[in-house]
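Residue numbers for the sequence shown follow our numbering, so the first one is 128 and each next one is one higher.
Scroll down for the structure; my scribbles are underneath it.
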Amino acid sequence: MMASSNEIMARLMALKPSHVQPRFRNAAELMEFHSAEAMKNSQLVTDRNRQARMEKIIGRSGIQPLHRECSFTNYAVETPEQQAALDAAKQYLQAFGQTYGGFIFSGNTGTGKNHLATAIARNLMKRGKSVMIVTVGELFEKFRRTYAKDSPVKEADLMRDVCKLDLLVLDEIGVQKGSEHEINLLTQIIDRRQLQLKPTGMLTNKTYSELVELLGERIMDRQSNGGVWVSFPWQSRRALKGGRI
Ligand SMILES: Nc1ncnc2c1ncn2[C@@H]1O[C@H](COP(=O)(O)OP(=O)(O)O)[C@@H](O)[C@H]1O
Ligand SMILES: [Mg+2]
Numbered sequence: 128m129m130a131s132s133n134e135i136m137a138r139l140m141a142l143k144p145s146h147v148q149p150r151f152r153n154a155a156e157l158m159e160f161h162s163a164e165a166m167k168n169s170q171l172v173t174d175r176n177r178q179a180r181m182e183k184i185i186g187r188s189g190i191q192p193l194h195r196e197c198s199f200t201n202y203a204v205e206t207p208e209q210q211a212a213l214d215a216a217k218q219y220l221q222a223f224g225q226t227y228g229g230f231i232f233s234g235n236t237g238t239g240k241n242h243l244a245t246a247i248a249r250n251l252m253k254r255g256k257s258v259m260i261v262t263v264g265e266l267f268e269k270f271r272r273t274y275a276k277d278s279p280v281k282e283a284d285l286m287r288d289v290c291k292l293d294l295l296v297l298d299e300i301g302v303q304k305g306s307e308h309e310i311n312l313l314t315q316i317i318d319r320r321q322l323q324l325k326p327t328g329m330l331t332n333k334t335y336s337e338l339v340e341l342l343g344e345r346i347m348d349r350q351s352n353g354g355v356w357v358s359f360p361w362q363s364r365r366a367l368k369g370g371r372i
């Protein structure tokens, strides 16, 4: 018959030099050690899986290399307006999930709209949320590709996926004057997301009333419900720094 664990432990204990403290004094402690080790290992596997998932998400997130390092901490504040924009972005992140209202960052190019939107997005991704930042032009292009006869992804699939994201950030709204069909698509996406209580972020150089004209009052009403409007009225950083950032 095989020796019991307790017997083995007893034998090992008898062999040990007196100055060595035993790690386990009985079988129960040995078992406890084994299960703690197993837990550590499975935690490691879980962490690795999360990491892999994260990389997949980041790969799909649409965050451009220019913005990959953007965070709240490296957002430079030189004016009270910039402080207000930073605070609003942080506040939006903090309250995320409590409202389907979205953020609207409005201002000239190079003023840091993508920077702060990316900071929000990266923090949400860290929490395992699915996020995509996409220019309206790219989004239209993605849809156009689904219309090809041999496209494995159909328009309805893309629409469903885009509407499922926890946060969709639409960049450069109003830069391109889309066709009627494209504007319809855009409003349909925002509308469907709002009905599913999913917020949409908007980056634009348009005013509120121009957005109402483009997207309709109902959508902009819902967008503002619990959402936040932030103006970026200062000049591009590139212009301020004489062409260099
Ligand atoms: N306040 C700021 N602090 C640090 N970097 C900034 C700030 N504003 C803009 N930038 C940087 O300037 C570049 C252009 O900003 P971006 O966010 O793309 O502008 P926008 O989206 O408004 O056109 C980016 O590399 C961004 O990280
Ligand atoms: Mg931008």
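Note that beta-carbon positions come from the ideal geometry of N, C-alpha and C, so glycine has one too.
So, are the CB atoms of residue i and residue j less than 8 Å apart?
i	j	result
Ile310	Leu341	yes
Asp293	Ile260	no
Val339	Met329	no
Trp361	Thr236	no
Cys197	Thr245	yes
Lys333	Ile300	yes
Leu373	Thr327	Residue numbering for the chain in the displayed model covers 128 to 372; residue 373 lies beyond these limits and cannot be assessed.
Gln350	Ile231	yes
Asn133	Ala163	no
His194	His242	yes
What do you get for residue i, buried or exposed, if any count of 16 or more other CB atoms within 10 angstroms of its CB means buried?
i	result
Lys240	buried
Val280	exposed
Ser233	buried
Tyr219	buried
Ala248	buried
Gly255	exposed
Val172	exposed
Ala216	buried
Ala212	buried
Gln210	exposed
Val204	exposed
By how many angstroms is the C-alpha of residue j removed from the C-alpha of residue i?
i	j	result
Glu268	Gly305	11 Å
Thr273	Leu266	11 Å
Asn168	Ser358	48 Å
Leu313	Gln191	22 Å
Glu344	Val302	20 Å
Phe270	Leu251	26 Å
Arg364	Gly189	22 Å
Asn201	Thr238	14 Å
Arg320	Glu156	53 Å
Leu324	Phe223	12 Å
Gly264	Gln170	42 Å
His308	Tyr335	22 Å
Gln221	Asp214	10 Å
Ser131	Met158	13 Å
Mind checking who residue i pairs with in its DSSP beta bridge?
i	result
Ile300	Thr331
Leu295	Met259 and Thr327
Trp361	Partner(s): none; Trp361 has no beta bridge.
Val172	Per DSSP, none; premise fails for Val172.
Would you call the stretch 222–233 and the stretch 345–361 in contact, with 3 or more CB pairs under 8 Å?
yes
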